[in-house]
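Some notes on the structure that comes next.
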Amino acid sequence: GEDVEQSLFLSVREGDSSVINCTYTDSSSTYLYWYKQEPGAGLQLLTYIFSNMDMKQDQRLTVLLNKKDKHLSLRIADTQTGDSAIYFCAESPLKAAGNKLTFGGGTRVLVKP
Amino acid sequence: GAGVSQTPSNKVTEKGKYVELRCDPISGHTALYWYRQSLGQGPEFLIYFQGTGAADDSGLPNDRFFAVRPEGSVSTLKIQRTERGDSAMYLCASSLNPSGVGQETQYFGPGTRLLVL
């Protein structure tokens, strides 16, 4: 079945760039997503990339997709304390009816002042 | 506009009891999803509705779990004979059109945190 892996934890200083990595196994993925979850809250969609793209930029966020290696990354420029949260990558396999998402375990990002 | 809403935000129940969790999707969204998130893990798919019908219920863990969406809008996730292992955050999401390019993005509600004692 599908599997999505992420590193558990990332610590970064305020103002630096953060890079969160994700690997997935399903080569038929159509969309790949990044969601942010703050303590006790639901998931906030940050950005997504279609599988025929290799890069997408949205303000401070840059998504890179290496389809050959099945590797996805999210770069946050000028990281702020408000960026401290858990970040989930998720894939939507082509064959899945209705676009159900498979999530990684999440990367906890801690931004130090 | 209003996002996805879920009630209650927290539910504490005793082992063996029955619970209902409610989800109000974004108005006009045809697709509705339920996910379960255990502590320290990512969300796991439970069930997906397209309109009133459950198009994919492959994620429901057993027959104690059931969900309905009788009018194609609000959905209720029902758990019978709750067990301590059912304790988790239950998340609902909706999307405009799961088959439409650019319309399949899922927007999540704040979740219902269920604790079974």
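These protein sequence lines map, in sequence, to chains E and U.
To get our numbering, take the position in the first sequence, counting from 1, and add 197.
To get our numbering, take the position in the second sequence, counting from 1, and add 604.
Glycine included, each C-beta is placed from N, C-alpha and C at the ideal position.
Does residue i come within less than 8 Å of chain U when only Cβ atoms are used?
i, result
"leucine 229 of chain E", "no"
"glycine 212 of chain E", "no"
"alanine 282 of chain E", "no"
"tyrosine 245 of chain E", "yes"
"asparagine 218 of chain E", "no"
I'd like the list of long-range same chain contacts for residue i, defined as Cβ closer than 7 Å, with 5 residues on each side in sequence excluded.
i, result
"arginine 626 of chain U", "Gln610, Thr611, Val678, Thr680"
"alanine 282 of chain E", "Lys233, Gln234, Glu235, Val306"
What would DSSP say about residue i, mapped onto helix, strand or coil?
i, result
"aspartate 628 of chain U", "strand"
"asparagine 701 of chain U", "coil"
"threonine 278 of chain E", "helix"
"asparagine 249 of chain E", "coil"
Can you find a heavy atom of the ligand NAP that lies under 7 Å from the Cβ of residue i?
i, result
"lysine 615 of chain U", "Among the components modelled here there is no ligand, and therefore nothing to report on the ligand NAP."
Residues in the same chain with beta-carbon distance under 6 Å from residue i, minus the five sequence neighbours each way, listed in chain order, please.
i, result
"threonine 143 of chain E", "Here chain E has residues from 198 to 310 only, and residue 143 of chain E is not among them."
"valine 616 of chain U", "Leu719"
"proline 647 of chain U", "Tyr639, Gln641, Leu695"
Considering only the beta carbon of each residue, do residue i and residue j sit closer than 8 Å?
i, j, result
"serine 699 of chain U", "threonine 686 of chain U", "no"
"glutamate 288 of chain E", "serine 204 of chain E", "no"
"leucine 229 of chain E", "tyrosine 245 of chain E", "yes"
Kindly say whether residue i, judged by its beta-carbon, lies nearer than 8 Å to any beta-carbon of chain E.
i, result
"glutamate 624 of chain U", "no"
"glutamine 645 of chain U", "yes"
"threonine 709 of chain U", "yes"
- At what residue ranges does the region 663-698 of chain U contain a whole run of the beta strand (DSSP E), taking only runs of 3 or more? 669-672, 679-683
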